[in-house]
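Numbering (the working numbering), first residue to last: 41 to 167. Reading through the C-alpha cells given below for one structure.
Below, the structure is given as C-alpha cells:
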C-alpha cells in the first residue's frame, strides 16, 4: 500500500467470494495486489474429507458424511465447518451426543430455501 517502505514486514491478506465486486482502484492498479490466488470450490470427494475433518471428534458415519457432501454441491470449506457446527449444536440443544440424524438435519436446514443468505455468506456458488 502507498506509504510503506519497501522493506516493511507488513502483509495484507484480502479474501473475497466476489472478486468481481472489488474496487477498481484495488484490483486494477499495478502493484496493489502482488499475488492473487483463486481457490476452487471443493468437489464431492473434497467436501467429504472436509466434513470428516471438521467432525473428527464427533463420530458421524461414513454414509451420513457422504450424503451431506453430496447435498452440499457448490459450497466452500466454511460451509462444511458450519454444517458440522450446526449438527453438534442440534445435539447439544437436545441434550445428547451428536448422531448421523443431526448431520442430516443440519444439512436440510442449510439447504432449505430460507437459508439462501446463509449459504451466500458461506461462499456457496449453488444459488
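Think of the CB as a built atom: it goes at the ideal place given N, C-alpha and C, for glycine as much as any other residue.
For residue i, which three-state DSSP category applies?
{"i": "residue 118", "result": "helix"}
{"i": "residue 123", "result": "helix"}
{"i": "residue 89", "result": "helix"}
{"i": "residue 97", "result": "coil"}
{"i": "residue 135", "result": "coil"}
{"i": "residue 151", "result": "helix"}
{"i": "residue 83", "result": "coil"}
{"i": "residue 63", "result": "coil"}
{"i": "residue 107", "result": "helix"}
{"i": "residue 140", "result": "helix"}
{"i": "residue 49", "result": "coil"}
{"i": "residue 102", "result": "helix"}
Does the beta-carbon distance from residue i to residue j come in below 9 Å?
{"i": "residue 91", "j": "residue 150", "result": "no"}
{"i": "residue 49", "j": "residue 99", "result": "no"}
{"i": "residue 87", "j": "residue 112", "result": "yes"}
{"i": "residue 146", "j": "residue 126", "result": "yes"}
{"i": "residue 124", "j": "residue 85", "result": "no"}
{"i": "residue 66", "j": "residue 54", "result": "yes"}
{"i": "residue 184", "j": "residue 139", "result": "The structure shown does not extend to residue 184, since the chain is modelled only from 41 through 167, so no value can be given for it."}
{"i": "residue 59", "j": "residue 78", "result": "yes"}
Buried or exposed: which applies to residue i, given that a residue is buried once 16 or more other Cβ atoms fall within 10 Å of its Cβ?
{"i": "residue 51", "result": "exposed"}
{"i": "residue 82", "result": "buried"}
{"i": "residue 148", "result": "exposed"}
{"i": "residue 47", "result": "exposed"}
{"i": "residue 56", "result": "exposed"}
{"i": "residue 41", "result": "Bear in mind that the predicted position of residue 41 carries a pLDDT of just 47, short of 50, making it unreliable; the figure below should be weighed with that in mind. The residue is exposed, with fewer than 16 neighbouring Cβ atoms inside 10 Å."}
{"i": "residue 134", "result": "exposed"}
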